[in-house]
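As given, the protein sequences belong to chains A and B, one line each in that order. One rule links them: number in my numbering = place in the first sequence (from 1) + 212. One rule links them: number in my numbering = place in the second sequence (from 1) + 309. All residues carry an ideal CB built from backbone N, CA and C; glycine is no exception. Since the model is a prediction, treat every value here as computed from it, not as a measurement.
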Amino acid sequence: MNRDKDREAMHRMLDGDASPEEQKVLNERIEADPALKEEFIKLAGAVRMMKESKRPVPPPFFTAEVMGKLPRRGPSLVQRFRDLFSDSRVLRWNMSTAAATAGMVVIAIIVVVLLQREPQREPTITVKMSYSSPKAQSVAVAGNFNKWSADTHRMRKQSNGIWTIAIPLRAGTYTYQFVVDGRTWIVDPRAGIMQDDGFGSRNGVVRVNI
Amino acid sequence: MNNNATAEEFSIIRECVNGRVEKYALLVEKYKVMAFTVAYRMLGDTDTANDMAQESFVSAYVGLRDFKYNAKFSSWLYSIVLNKCRDHLRDRKEAVPVDDLAEYLPAKGPDPEQAASSQQTRDAVQKALDLLPEPYREVIILKHLEELGYEEIAEILGEKVIALKVRAHRGREMLKEHLENMGVVQ
């Protein structure tokens with residue numbers, strides 16, 4: 213074993229990394245080589261001096277001085293919010309807090325149940341209307357179901373010149389007229405029931421029974 | 310340090326973070342000797358060591374919100390103290406060299422007896438440490454004064470264990486040489 217390997221072994225021993233076998237071999241080498249022994253004694257002596265060196269004592273008011281230098285501040289808003297959920301805490305109960313909590317739980321349950329219920333939809337029936345006018349550019353139906361709008365319910369022209377539309381209506385009585393080309397109001401000639409409109413004309417009447 | 314002690318320290322740290330500043334005194338009291346010793350052995354001067362150790366505790370307190378609860382408080386504090394010492398040593402090196410000031414100052418200094426007395430108050434170990442380059446000094450202090458394992462030293466210094474062992478090897482050789490030259494180890 214050369215001197216470099218001896219040194220390496222000595223440092224492994226001082227680091228506490230040497231195996232018992234390595235220590236035994238090194239001890240034998242040290243005993244057999246006075247120069248190596250001297251070197252090891254000096255090296256181990258330096259390490260021992262470090263370990264045994266006196267620890268300086270901090271000044272008597274060290275802690276007080278540090279505490280006096282600390283910035284005074286509370287936790288940040290983010291930290292407070294985080295702590296609200298992450299910190300463990302003891303909850304103290306009495307009858308009023310228990311009753312209030314129970315009340316809130318009941319209200320929450322009712323709200324959830326109401327929200328989960330399907331909204332009651334009023335049933336409708338689809339009423340089909342038609343009007344023959346091969347030359348018309350547009351035909352719409354206006355009535356009390358759409359506040360007599362001439363735009364909202366436009367009919368579709370079929371190849372035979374008949375205009376048709378299907379309108380879902382709830383139960384009730386409806387009056388209507390057709391509006392041809394956006395300006396001419398026509399009473400449905402095929403309406404089974406007619407009703408005066410109070411202005412000298414008549415409206416078709418549809419009764420929906422469900 | 311056992312797990313109970315670590316859990317207790319973590320609890321104190323959480324209380325400090327939640328605004329209970331007075332709890333920090335427990336940590337300062339527990340680690341003040343360690344911080345002061347490391348600073349003194351790095352800098353070789355008690356007044357500066359006191360300043361650096363105190364500054365380290367203040368910096369640690371300010372940074373408590375960023376403390377990672379998977380490491381020991383002491384390891385974190387060691388790294389802060391060593392950083393403070395490095396900064397101080399760098400500033401000291403960048404200061405105007407004494408030789409440059411000499412021509413502007415009156416030729417008056419401590420008398421030789423006073424200087425000799427001052428030197429004697431510094432122990433041999435400190436003199437030898439002062440002669441070590443800082444990276445070697447740090448490892449020797451942590452390994453053979455604080456008696457930390459290489460894993461923890463690696464965590465504190467942010468370096469690999471193998472590199473630290475090589476540095477400790479060289480540092481011990483240098484330490485031995487300096488103490489030998491002083492006639493302390495023979």
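Same chain only: Cβ atoms within 7 Å of residue i, ignoring 5 sequence neighbours per side
i, result
"Thr275 (chain A)", "none"
"Tyr340 (chain B)", "Ser383, Leu386"
"Val494 (chain B)", "Lys485, Leu488"
"Thr364 (chain A)", "Asn358"
"Ser427 (chain B)", "For Ser427 (chain B), the pLDDT reaches just 40, beneath the cut-off of 50, and the residue's location in the model is therefore unreliable, leaving the point undetermined."
"Thr336 (chain A)", "Pro380, Leu381, Arg382"
"Leu441 (chain B)", "Ile449, Gly480, Met483, Leu484"
"Thr355 (chain B)", "Tyr349"
Proximal residues to residue i (C-beta, below 6 Å), its chain only, five neighbours per side dropped
i, result
"Ile374 (chain A)", "Ser342, Ser344"
"Phe319 (chain B)", "Tyr378"
"Ile379 (chain A)", "Val339"
"Cys325 (chain B)", "Lys332, Tyr333, Leu373"
"Ala437 (chain B)", "Leu484, His487, Leu488"
"Lys369 (chain A)", "Trp375"
Helix, strand or coil at residue i [DSSP, three-state]
i, result
"Ser231 (chain A)", "coil"
"Pro246 (chain A)", "helix"
"Ile377 (chain A)", "strand"
"Val347 (chain B)", "helix"
"Gln407 (chain A)", "strand"
"Ile322 (chain B)", "helix"
"Ile389 (chain B)", "helix"
"Ile337 (chain A)", "strand"
"Val330 (chain B)", "helix"
"Ala477 (chain B)", "helix"
"Val420 (chain A)", "strand"
"Asn312 (chain B)", "helix"
"Val337 (chain B)", "helix"
"Asn239 (chain A)", "helix"
"Lys485 (chain B)", "helix"
"Arg399 (chain B)", "helix"
"Glu468 (chain B)", "coil"
"Lys254 (chain A)", "helix"
"Lys217 (chain A)", "helix"
"Lys263 (chain A)", "helix"
"Val342 (chain B)", "helix"
"Ser361 (chain A)", "coil"
"Arg284 (chain A)", "coil"
"Arg224 (chain A)", "helix"
"Glu317 (chain B)", "helix"
"Asp408 (chain B)", "Since pLDDT at Asp408 (chain B) reaches only 49, below the 50 mark, its modelled position is unreliable, and the value read off the structure follows with that caveat. In this structure, Asp408 (chain B) counts as helix in the three-state DSSP scheme."
Run of the beta strand (DSSP E) containing residue i, from where it starts to where it stops
i, result
"Gln389 (chain A)", "384-392"
"Ile398 (chain A)", "396-398"
Opening and closing residue of the alpha helix (DSSP H) in which residue i lies
i, result
"Asp439 (chain B)", "433-440"
"Ser308 (chain A)", "307-328"
"Phe357 (chain A)", "Counting along the chain, Phe357 (chain A) falls outside any alpha helix (DSSP H), and DSSP gives it neither H nor E."
"Glu443 (chain B)", "443-449"
"Gly458 (chain B)", "Where Gly458 (chain B) is concerned, there is no enclosing alpha helix (DSSP H), given that its DSSP letter is neither H nor E."
"Ala277 (chain A)", "Rather than Ala, the amino acid found at residue 277 (chain A) in this sequence is Glu. Note, Glu277 (chain A): alpha helix (DSSP H), 274-281."
"Ser368 (chain B)", "355-371"
Rounded distance between the beta-carbons of residue j and residue i, thought under 8 Å
i, j, result
"Val390 (chain B)", "Ala362 (chain B)", "7 Å"
"Met351 (chain B)", "Ile450 (chain B)", "7 Å"
"Lys474 (chain B)", "Asp227 (chain A)", "6 Å"
"Val367 (chain B)", "Val325 (chain A)", "Actually they do not touch by this definition, with Cβ atoms about 57 Å apart."
"Arg419 (chain A)", "Thr385 (chain A)", "5 Å"
"Val337 (chain B)", "Arg284 (chain A)", "Their Cβ separation, rounded to whole angstroms, is 16 Å, which puts Val337 (chain B) and Arg284 (chain A) out of contact at 8 Å."
"Pro270 (chain A)", "Asn359 (chain B)", "7 Å"
"Glu447 (chain B)", "Lys263 (chain A)", "Their Cβ separation, rounded to whole angstroms, is 17 Å, which puts Glu447 (chain B) and Lys263 (chain A) out of contact at 8 Å."
"Val392 (chain A)", "Met406 (chain A)", "The Cβ separation is near 18 Å, so there is no contact."
"Val342 (chain B)", "Arg267 (chain A)", "6 Å"
"Ser365 (chain B)", "Lys393 (chain B)", "5 Å"
"Gln328 (chain A)", "Ala354 (chain A)", "Rounded, the Cβ-Cβ distance is 40 Å, inconsistent with contact."
Bridge partners - residue i, DSSP secondary structure assignment
i, result
"Tyr378 (chain B)", "For Tyr378 (chain B), which the question treats as bridged, DSSP gives no partner whatsoever."
"Gly352 (chain A)", "Per the sequence shown, the amino acid found at residue 352 (chain A) is Ala instead of Gly. Looking at the DSSP assignment, Ala352 (chain A) forms a beta bridge with A:Arg366, A:Val391."
"Gly492 (chain B)", "None; Gly492 (chain B) has no bridge partner."
"Asn415 (chain A)", "A:Gln407"
"Tyr343 (chain A)", "A:Trp375"
Same chain, Cβ closer than 8 Å to residue i, five either side skipped, listed in chain order
i, result
"Leu335 (chain B)", "Ile321"
"Glu234 (chain A)", "Ala221, Arg224, Met225"
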